[in-house]
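**Student:**
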Amino acid sequence: MIASSAAKASHYDAIIIGGGHNGLVCGGYLARAGLRTLVLERRSVVGGAAVTEEIVPGFKFSVFSYGVGHLHPKVNKELELEKFGLRAVKHNDLFVPISTKDFFIYSGDVSVTQRNIARFSPRDAQRYPEFLAYLAELGPVFHRLLMETPIDPSKQDWKSFKENFSFLWRYRKIGDRIYKMMDLFTQSADEFLSQWFESSVIRAHFSYWAGVGNMIGPKSPGSAWATLYYLFTMSDFGVANAGPSPRGHAIGGMGAVTQALAASGRKAGLEIKLNSDVIKVGTLNGRVTGVTTTDGSEYSAAIVVSNAHCKILFDDLVDEQQLPTGFLDDIRRFKTFSAAWKINVACDTAPKFAAFDRERSGLEAVTFAHIGPDIDYLERAYDDAKYGWYSSKPWMSVGTPSLIDDTMAPAGKHVVNLFGGHAPYELKDASWDNEREGFLKSVMDVLDDYAPGFSSSIIDMQVLLPPDIERILNIPHGHILHGEMSADQQFFKRPVPHYSDYRSPIHGLYQCGSSCHPGGCVSGIPGHNAAREILLDVSKRKRLWAR
143 MIASSAAKAS
153 HYDAIIIGGG
163 HNGLVCGGYL
173 ARAGLRTLVL
183 ERRSVVGGAA
193 VTEEIVPGFK
203 FSVFSYGVGH
213 LHPKVNKELE
223 LEKFGLRAVK
233 HNDLFVPIST
243 KDFFIYSGDV
253 SVTQRNIARF
263 SPRDAQRYPE
273 FLAYLAELGP
283 VFHRLLMETP
293 IDPSKQDWKS
303 FKENFSFLWR
313 YRKIGDRIYK
323 MMDLFTQSAD
333 EFLSQWFESS
343 VIRAHFSYWA
353 GVGNMIGPKS
363 PGSAWATLYY
373 LFTMSDFGVA
383 NAGPSPRGHA
393 IGGMGAVTQA
403 LAASGRKAGL
413 EIKLNSDVIK
423 VGTLNGRVTG
433 VTTTDGSEYS
443 AAIVVSNAHC
453 KILFDDLVDE
463 QQLPTGFLDD
473 IRRFKTFSAA
483 WKINVACDTA
493 PKFAAFDRER
503 SGLEAVTFAH
513 IGPDIDYLER
523 AYDDAKYGWY
533 SSKPWMSVGT
543 PSLIDDTMAP
553 AGKHVVNLFG
563 GHAPYELKDA
573 SWDNEREGFL
583 KSVMDVLDDY
593 APGFSSSIID
603 MQVLLPPDIE
613 RILNIPHGHI
623 LHGEMSADQQ
633 FFKRPVPHYS
643 DYRSPIHGLY
653 QCGSSCHPGG
663 CVSGIPGHNA
673 AREILLDVSK
683 RKRLWAR
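In this text, residue positions in the sequence shown follow the numbering used here: the first is 143, and each later residue adds one.
#1: Give me whichever residues DSSP pairs with Glu413 in a beta bridge.
#2: Give me the residue from Asp575, Tyr592, Asp437 with the minimum Cα distance to Pro608.
#3: Just the Cα atoms here: how many angstroms apart are Ala553 and Asp490?
#4: At the level of alpha carbons, what is the spacing between Phe245 and His512?
#5: Contact defined as beta carbons within less than 8 angstroms: I believe Phe226 pairs with Ser406. What is the distance between those atoms, to the nearest angstrom?
#6: Taking only the alpha-carbon atoms, compute the straight-line gap between Ile648 and Met289 and give it to the nearest angstrom.
#7: Among Gly353, Gln401, Lys315, Tyr371, which one has its Cα closest to the Cα of Asp525?
#8: Can you tell which of His214, Phe237, Phe262 has the C-alpha that lies nearest to the C-alpha of Gly250?
#9: What first and last residue would you give for the alpha helix (DSSP H) that runs through Trp300?
#10: Measuring CA to CA, which of Ile157, Asn234, Gly281 is closest to Arg500?
#11: Between the segment 449 to 462 and the segment 565 to 575, do three or more beta carbon pairs fall short of 8 angstroms?
#12: Relative to the alpha-carbon of Asn671, which residue among Pro292, Ser681, Gln632, Tyr313 has its alpha-carbon at the smallest distance?
#13: Have a look at Tyr641 and Ser599 and give me their C-alpha separation to the nearest angstrom.
#14: Tell me, please, whether the segment 251 to 271 touches the segment 415 to 427 by the rule of three or more beta-carbon pairs shorter than 8 angstroms.
#15: Buried or exposed: Gly317, going by 16 or more other Cβ atoms within 10 Å of its Cβ?
#16: From the DSSP output, in three-state form, read off Met538 for me.
#17: Give the secondary structure of Ser168 by DSSP, where H, G and I count as helix, E and B as strand, and everything else as coil.
#18: Below 8 angstroms between beta carbons: does that hold for Leu589 and Pro493?
#19: Give the DSSP bridge partners of Val254, in chain order.
#20: Looking only at its own chain, which residues have a Cβ that is under 7 angstroms from the Cβ of Tyr154, when we skip the five neighbours before and after it?
#21: Does DSSP put Lys219 in a helix, a strand or coil?
#22: So the candidates are Phe633, Ala192, Asp610; which of them puts its Cα closest to the Cα of Thr400?
#23: Determine the direct distance from the alpha carbon of Arg645 to that of Lys301, and round the result to whole angstroms.
#24: At 4 residues or longer, and completely inside the segment 446 to 503: list those alpha helix (DSSP H) runs for me, N to C.
#25: Does the segment 611 to 618 come within contact of the segment 208 to 215, defined as at least 3 CB pairs closer than 8 angstroms?
#26: Helix, strand or coil for Phe339, going by three-state DSSP, please let me know.
#27: What's the gap between the Cα of Ile358 and the Cα of Pro536?
#28: Is the Cβ-Cβ distance between Lys477 and Gln632 less than 8 angstroms?
#29: With burial defined as no fewer than 16 other Cβ atoms inside 10 Å of the residue's Cβ, what is the status of Asp547: buried or exposed?
#30: Among the residues of its own chain, which have a CB less than 6 angstroms from the CB of Ala331, if the five just before and after it don't count?
#31: Cα separation between Cys658 and Ile159?
#32: Rounding to the nearest angstrom, what Cα-Cα distance links Asp656 and Lys635 in this structure?
#33: Give the secondary structure of Ser152 by DSSP, where H, G and I count as helix, E and B as strand, and everything else as coil.
#34: Entirely within the segment 504 to 578 and at least 3 residues each: give me those beta strand (DSSP E) ranges in chain order.
#35: Starting from the C-beta of Glu506, find all residues in its chain whose C-beta is less than 8 angstroms away, skip the five residues before and the five after it, and write them out in chain order.
#36: Cβ atoms of Ile622 and Gly669: under 8 angstroms apart, would you say?
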């Protein structure tokens, strides 16, 4: 019997749940390998957290993620994203106001950064090259680990033994660097950075990154790893001309990244359906059979790849009876409690920082700034969140992409991205419905302290707290990294033991989102690595069939 055209249309080689950037990366690779692949996206726009939307008429915002500098160059090159319209520019050097009268400049030019460090500590300036040498020593190991499929050291079968031995052999020349990497998982960012820097201002600049998306402070054990994760990925990645994140801005906003991914995928045969919310992953005898969407549509495939969060996939979409004992408990224990917030502002004028001096700074304008003047400031912001409240004096990133990209706002107007910490997903003995205005006031009070009068220039804004991010993007607790980047949620424990290799307990069901190794940021690495493992399994099956 010849199948009907409708039946043919609903059957695919592979189906991807979610059109976030990792889903599009994975789908692009599968389509290029010849698999008939369908991406089902629940929202009316493709891109997940990497989208550009006109929240205020005439003003375009990178609503959630905002830096293109984490995008892995291998993904960019192999999927030919620049051919499909992706362009990027650099922000000016990072401006860090210390007070209303002083500032620190962090630059890709080592001599510029060193001169700025020297104003706070001549000793620290002398040691800065040693710190860079440390990063250069560990960097290659770290970058290689990002692209690895995590091994399972607990398995004792011959196949796993060979895989584990092969992994160890690849890193046989790591030498004493292994001890340095182990320190990162246990030390606080402040303790780690104290090896080189005595100035709290300089330590605060680098440890600022520890709290980005994570519910930790610079003095939290293990926060050194979170800091280095950002420093490593920012140092070498990025689209041409973009420079390291956050200095990398995609022309037209972050939606340009996912629009290029979608165009690249479609050119290779990838199909994308919007407004298609998957509510069930079908299984039979331990194998995946396809998916069902909210409108009742059914799509069959021997391969289903989830770009959704692991908690959404296994708690909401898969029949619990199909999962091994204890697996779902491990998934539910995966830490996703978030305290990150984002505010998208349309305004008449860009922030005018009181400390900014064009001649002293060497900058024409402040296009990107960090407010977090010293270690104690950052730690106190975390202390508030630790005890169930939003930071009375939050740290924050202040980006004004309209200063370097005139497509983002009407002439003479600006868009400003505010991102920072901390605003816990749940407040102690209070609700966000009642405290939203109080939180907003704490942010604007700090910003007006450093950039007087900014709040009076605001035309309109969008405030995104963790519950808002959860509601819009369907990410548990609104965690922008899909889960804490702590040592206990890395490599072969991300998201859970035994299933960190992008596979799952169900044959043919894979994962490609940021709850997998190596974690969050718009890097495309989870999507890339998942596609590699899927195609490896497909090639193995083909060899078996050929026998």
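Think of the CB as a built atom: it goes at the ideal place given N, C-alpha and C, for glycine as much as any other residue. Everything numeric in this text was worked out from a predicted model, so none of it was measured.
**Tutor:** Checking against the coordinates, here is how it stands:
#1: Within the sequence shown, numbered from 1, the residue matching residue 413 stands at position 271. According to DSSP, Glu413 bridges with Leu180.
#2: Against the sequence shown, residue 608 aligns to sequence position 466. When only C-alpha atoms are compared, the closest one is Asp575.
#3: Numbered from its first residue, the sequence shown carries residue 553 at position 411. Numbered from its first residue, the sequence shown carries residue 490 at position 348. The alpha-carbon atoms of Ala553 and Asp490 are separated by roughly 10 angstroms.
#4: As a first step, residue 245 is located in the sequence shown; it is residue number 103 there, counting from the start. As a first step, residue 512 is located in the sequence shown; it is residue number 370 there, counting from the start. Roughly 10 angstroms separates the two Cα atoms.
#5: The sequence position of residue 226 within the sequence shown is 84, counting from 1. The sequence position of residue 406 within the sequence shown is 264, counting from 1. The pair is a contact, with the Cβ atoms about 5 angstroms apart (cut-off 8 angstroms).
#6: The residue labelled residue 648 in the question sits at position 506 within the sequence shown. The residue labelled residue 289 in the question sits at position 147 within the sequence shown. Cα to Cα, Ile648 sits roughly 24 angstroms from Met289.
#7: As a working note, residue 525 is residue 383 in the sequence shown. Minimum Cα distance to Asp525 is reached at Gly353.
#8: Counted from its first residue, the sequence shown places residue 250 at position 108. With distances taken between Cα atoms, Gly250 lies closest to Phe237.
#9: On the sequence shown, position 158 is the one that residue 300 refers to. Looking at the DSSP string, the run of the alpha helix (DSSP H) that includes Trp300 is 300 to 312.
#10: Here residue 500 refers to the residue found at position 358 when the sequence shown is read from its first residue. Answer by Cα proximity: Asn234.
#11: no
#12: Numbered from its first residue, the sequence shown carries residue 671 at position 529. Measuring from the Cα of Asn671, the nearest candidate turns out to be Pro292.
#13: The sequence position of residue 641 within the sequence shown is 499, counting from 1. The sequence position of residue 599 within the sequence shown is 457, counting from 1. Straight-line Cα distance between these residues: approximately 50 angstroms.
#14: no
#15: Locating residue 317 in the sequence shown gives position 175, counting from the first residue. That one is exposed.
#16: The count along the sequence shown starts at 1 and reaches residue 538 at position 396. Correct three-state label for Met538: strand.
#17: Here residue 168 corresponds to residue number 26 of the sequence shown, with the count starting at 1. It is worth fixing the name first, because residue 168 is Cys in this sequence and not Ser. Helix at Cys168.
#18: To locate residue 589, count along the sequence shown from 1; it is residue 447. To locate residue 493, count along the sequence shown from 1; it is residue 351. It is a contact, given that the beta carbons lie within the stated cut-off.
#19: Here residue 254 corresponds to residue number 112 of the sequence shown, with the count starting at 1. Answer by DSSP bridge pairing: none, since Val254 is not bridged.
#20: In the sequence shown, counting from the first residue as 1, residue 154 sits at position 12. Hits under 7 angstroms: Arg178, Thr179, Leu180, Tyr441, Ala443.
#21: Mapped onto the sequence shown, residue 219 falls at position 77. Helix at Lys219.
#22: The count along the sequence shown starts at 1 and reaches residue 400 at position 258. Thr400 has its Cα closest to that of Ala192, out of Phe633, Ala192, Asp610.
#23: For the purposes of this step, residue 301 is taken as the residue at position 159 of the sequence shown. For the purposes of this step, residue 645 is taken as the residue at position 503 of the sequence shown. Distance between the alpha carbons of Lys301 and Arg645: 16 angstroms.
#24: 469 to 475, 500 to 503
#25: no
#26: As a working note, residue 339 is residue 197 in the sequence shown. If DSSP states are grouped into helix, strand and coil, Phe339 belongs with coil.
#27: The residue labelled residue 358 in the question sits at position 216 within the sequence shown. The residue labelled residue 536 in the question sits at position 394 within the sequence shown. Going from the Cα of Ile358 to the Cα of Pro536 covers about 13 angstroms.
#28: One-based indexing of the sequence shown puts residue 477 at position 335. One-based indexing of the sequence shown puts residue 632 at position 490. Their beta carbons are not under 8 angstroms apart, which means Lys477 does not touch Gln632 by this criterion.
#29: If you number the sequence shown from 1, residue 547 lands on position 405. Buried, since its Cβ has 16 or more Cβ neighbours within 10 Å.
#30: Taking the first residue of the sequence shown as 1, we reach residue 331 at position 189. Within the same chain, Ala331 has close Cβ partners Ser349, Ala352, Pro360, Ser365, Ala366, Thr369.
#31: Position 516 of the sequence shown, counted from the start, is the residue given in the question as residue 658. Position 17 of the sequence shown, counted from the start, is the residue given in the question as residue 159. Each residue's alpha carbon lies about 15 angstroms from the other.
#32: By one-based count along the sequence shown, residue 656 stands at place 514. By one-based count along the sequence shown, residue 635 stands at place 493. The identity of residue 656 in the sequence shown is Ser, whereas the question assumes Asp. Between Ser656 and Lys635, the C-alpha separation is close to 13 angstroms.
#33: Along the sequence shown, read from residue 1 onward, the residue named residue 152 stands at position 10. Coil at Ser152, not helix or strand.
#34: 510 to 513, 537 to 541, 556 to 563
#35: Your numbering for residue 506 matches position 364 in the sequence shown. So the list reads Asn234, Arg500, once near-sequence residues are dropped.
#36: Translated into the one-based positions of the sequence shown, residue 669 becomes position 527. Translated into the one-based positions of the sequence shown, residue 622 becomes position 480. Not a contact, by the Cβ cut-off of 8 angstroms.
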